[in-house]
Every structure is written in structure tokens, then in C-alpha cells.
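Enquirer: Residue numbers (the numbering used here): 5 to 357.
We put the beta carbon where it would ideally sit given N, CA and C, even for glycine.
This is the structure in C-alpha cells:
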């Protein structure tokens, strides 16, 4: 009888890390296909309560597909229109305020000279702050998202197929709960957490964007409505979304009203987002996501690297999907759930439907 020794833990960790790298590299190579598929999946999950409500009220069968699909298409078309407008406006603003920025450079150099810091290195550093570069970065981010949505035909076809298959898939999940309870429970928990995350983030994102746009309008910053919508979109990007949404209006505030307006824009954004997103939103969201702060940041970095701007927007739902498939569906995955959530084992395991 042969002696079957378990593999060393270090070797298991290395194999898991190598498998993860290979998988992520493969996903990145086919990101133009995987990205729209995952986006369609998240959107279908977001509108699935509408389908359930129609079904409970005895609506005709065709409405179970047509109404959720119409809602998602309206959302997609709205995002495409907003991103298109953002790219065009950013390209225009980059050249409109070049003279104002040059005047700010001159003022900064004069201030440095009065303070006795008028060295060539300081002057070169001041001149290197080209607003066009910042606008180009933001324009590239918006253009990257727009590039994903430009394949609208593929996304629409995927949405139609998923909406058609959703009722049958739900029935299969209910029937499979007896044979694979942990897997079905994990997938159900993923759908529930994703919907709650999207709903809460959208509601409070709308509140933040409305308050941000009002503050920008009062401060005289150009295009306050556009930057408010940008704040709503970047609200789905964890950790750094607030900074991305702040940069364009803050830079415009500097060009239009000088350092005073810049500081007022920054303070307004910090105050609004701190109160709404840090004090109020967590009370409604609670621990529905089941990811620690560190894991949230790592999720953002990994998915943004793999899928680009779309990965940054979908970082939380995609990490929830990975957790459901690899951790919550594993009978021995409680220790891993504790690591990714920062809570004691068993607290975050989804309940059996």
C-alpha cells in the first residue's frame, strides 16, 4: 500500500497563485468578449426584481423579457450619451482654458520668486503641470468606457439572450438546491449582494451627484451637470472613484476662479462625500458586500488591470462572483471567507434559499 502524503502547503499556494495568474491573463486576452458578458450579467441581475414583480402580478410572458430589457437599454444608451458628451467636452475644455493656465503659471512663478524659491527646478516643475495632460488622462478613461459600450450590438444580443434564459435558469437553480445546496446558496447570495450593492450605490450616488452639481453651480464652475453625472458614474469605482470625479471640476475651478475656488470645490466634495458615503451609506449597505477594505482595493487594482475601465466599474460585483464560486460554495471555505471579509468564519456565508 503506497504512502499518500499530502502536498506541502507552500506548493499548494504556489499552484493556486500560478493558476490565478494564468486565468487572469487569459481573461485579459479575451477582455473584449468577457467584459460585455460580465456587464450584461450584472445588468440582468440588477433588473431581475422587476421581472419577479411582473411575474407575481400575472403579467404576460413577453413582458418578463421586454420590460427588463427596455430598462437596461435605456440605461446603456444614457451612459453612452453621457460618456460621448464627456469626451467631447473634455477635448474642448483642454484648449479653452490654456491661456488661463499660463497666467496661473506666471503667478506661481512670481510667488515663488517673492518667497526666494525662484530656481530653475521650481520653474520647470511648475511648467510641467500641463492641464492638457490631466484632461487627456480623463478623456482616455471616458473613451475606454465608451469603447466598451461601442460594441452595443453584442451587449444587446447578450442581454436579450440572458433575459430570455433568466426564468428557466431561476427554475433550474431552485431545483438544484437539493443536490448542490452550497453552490446554489453561494450564487443566490452573489445575486442578492450585487443587487443590494448596485441599488444602494445608485441611490446615494444620485444624492452625491445632485449635491456636487449644486455646489459647482453655486461656485460658478462650468458644466456642473456634466460633472455631477461623472460623479455618479465614478461612484461605482471603489476607493478612488471620488478622486476621479473630483479632478475635472477642481481643475476647472482653479482655471476659472483661482486657488480659492479650487479649495472650495475640494472642500465641498470632501464634505458631501464624507457625510453621504462614509457616515450614511454604510448604515444602509451594512456588510452586504462581504469584502474588507483591503480586498476592495485589491479588487479594484486587479479588475482594472484585467478589464480596464470597465473592470474598475464592475470590481465589486466581479469579486463577489469569484467569492461565490471559489469560497462560499466550498464546504471548507470558512477560513477564506474570514480572510476576504475581515469577520469571523460563518458570519458571511449566504443562507440557503
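Does the beta-carbon of residue 317 have 16 or more other beta-carbons within 10 angstroms, so that it is buried, or is it exposed?
Expert: Buried, by the Cβ-count rule.
Enquirer: What do you get for residue 350, buried or exposed, if any count of 16 or more other CB atoms within 10 angstroms of its CB means buried?
Expert: Residue placement at residue 350 is poorly supported in this model, since its pLDDT is 49, which falls under 50; the coordinates still yield a value, given next. Under this definition residue 350 is an exposed residue.
Enquirer: Roughly how many whole angstroms lie between the Cα atoms of residue 329 and residue 53?
Expert: In a straight line, the C-alpha of residue 329 is about 22 Å away from that of residue 53.
Enquirer: If you measure between the beta carbons of residue 49 and residue 195, is that distance less than 7 Å?
Expert: Result yes, Cβ atoms of residue 49 and residue 195 sit closer than 7 Å.
Enquirer: For residue 256 versus residue 226, is the C-beta distance shorter than 7 Å?
Expert: Result yes, Cβ atoms of residue 256 and residue 226 sit closer than 7 Å.
Enquirer: Within 10 angstroms of the Cβ of residue 297, are there 16 or more other Cβ atoms? Answer buried if so, exposed if not.
Expert: Looking at its Cβ environment, which holds fewer than 16 other Cβ atoms inside 10 Å, residue 297 is exposed.
Enquirer: Just to confirm my understanding: we take residue 46, look at its own chain, exclude 5 residues before and 5 after, and list those with CB closer than 8 Å. What are they?
Expert: Answer for residue 46: 198, 202, 318, 321, listed in chain order.
Enquirer: Express the C-alpha separation of residue 254 and residue 3 in angstroms, rounding to a whole number.
Expert: The structure shown does not extend to residue 3, since the chain is modelled only from 5 through 357, so no value can be given for it.
Enquirer: Which of helix, strand or coil does DSSP assign to residue 66?
Expert: Coil.
Enquirer: Can you tell me where the alpha helix (DSSP H) holding residue 52 begins and where it ends?
Expert: Element bounds for residue 52: 35 to 60.
Enquirer: Given that a residue counts as buried once 16 or more other Cβ atoms are within 10 Å of its Cβ, and exposed if not, what is residue 247?
Expert: Looking at its Cβ environment, which holds fewer than 16 other Cβ atoms inside 10 Å, residue 247 is exposed.
Enquirer: Does the segment 293 to 307 touch the segment 269 to 276, meaning 3 or more C-beta pairs lie closer than 8 Å?
Expert: Flag = no, the segment 269 to 276 and the segment 293 to 307 do not touch.
Enquirer: Within the same chain, show all residues whose beta-carbon is closer than 8 Å to that of residue 212, passing over the 5 residues directly before and after it, in chain order.
Expert: Closer than 8 Å at the Cβ level, and outside the excluded window around residue 212, lie 235, 236, 239, 276, 277, 280, 281.
Enquirer: Hey, out of 314, 180, 221, 44, whose CA is closest to residue 157's CA?
Expert: The shortest Cα separation from residue 157 among 314, 180, 221, 44 belongs to 44.
Enquirer: Using the three-state DSSP reduction, which class does residue 415 fall into: helix, strand or coil?
Expert: With the chain covering only 5 through 357, there is no way to say anything about residue 415.
Enquirer: Quick check on residue 338: does DSSP put it in helix, strand or coil?
Expert: DSSP places residue 338 in helix when its eight states are reduced to three.
Enquirer: Contact defined as beta carbons within less than 8 Å: I believe residue 313 pairs with residue 159. What is the distance between those atoms, to the nearest angstrom?
Expert: Actually they do not touch by this definition, with Cβ atoms about 15 Å apart.
Enquirer: Taking just the CA atoms, how far does residue 270 sit from residue 38?
Expert: Using only the alpha carbons, I get a separation of about 37 Å.
Enquirer: Helix, strand or coil: which one does DSSP assign to residue 183?
Expert: Three-state result, residue 183: coil.
Enquirer: Could you check what DSSP says for residue 345 in three-state terms: helix, strand or coil?
Expert: Residue 345 falls in the helix class under three-state DSSP.
Enquirer: Measure from the alpha carbon of residue 221 to the alpha carbon of each residue in 265, 42, 205, 244, then state which is nearest.
Expert: When only C-alpha atoms are compared, the closest one is 265.
Enquirer: Can you give me the start and stop residues for the alpha helix (DSSP H) that residue 309 sits inside?
Expert: Residues 297 to 311.
Enquirer: Residue 51: which of 72, 29, 31, 186 sits nearest, CA to CA?
Expert: With distances taken between Cα atoms, residue 51 lies closest to 72.
Enquirer: Could you tell me if residue 219 is buried or exposed, where buried requires 16 or more neighbouring beta carbons within 10 angstroms of its beta carbon?
Expert: By the 10 Å Cβ count, residue 219 comes out buried.
Enquirer: I'd like to check one pair, residue 84 with residue 167: are the Cβ atoms closer than 7 Å?
Expert: No, Cβ-Cβ distance for residue 167 and residue 84 is not below 7 Å.
Enquirer: Counting only the same chain and skipping the five closest in sequence on each side, list residues whose C-beta sits under 8 Å from that of residue 31.
Expert: Cβ neighbours of residue 31 beyond the five flanking positions: 38, 310, 311.
Enquirer: Pop quiz: residue 344 and residue 295 are said to be a contact at Cβ under 8 Å. What is the actual Cβ separation, rounded to whole angstroms?
Expert: The Cβ separation is near 6 Å, so the contact holds.
Enquirer: Taking the C-alpha atoms as reference points, what is the distance between residue 250 and residue 64?
Expert: Taking the straight line from one Cα to the other gives about 46 Å.
Enquirer: Would you mind sorting residue 231 into buried or exposed? The rule is 16 or more other CB atoms within 10 Å of its CB.
Expert: Residue 231 should be labelled buried.
Enquirer: Consult DSSP for residue 277 and reduce its assignment to one of helix, strand or coil.
Expert: DSSP places residue 277 in helix when its eight states are reduced to three.
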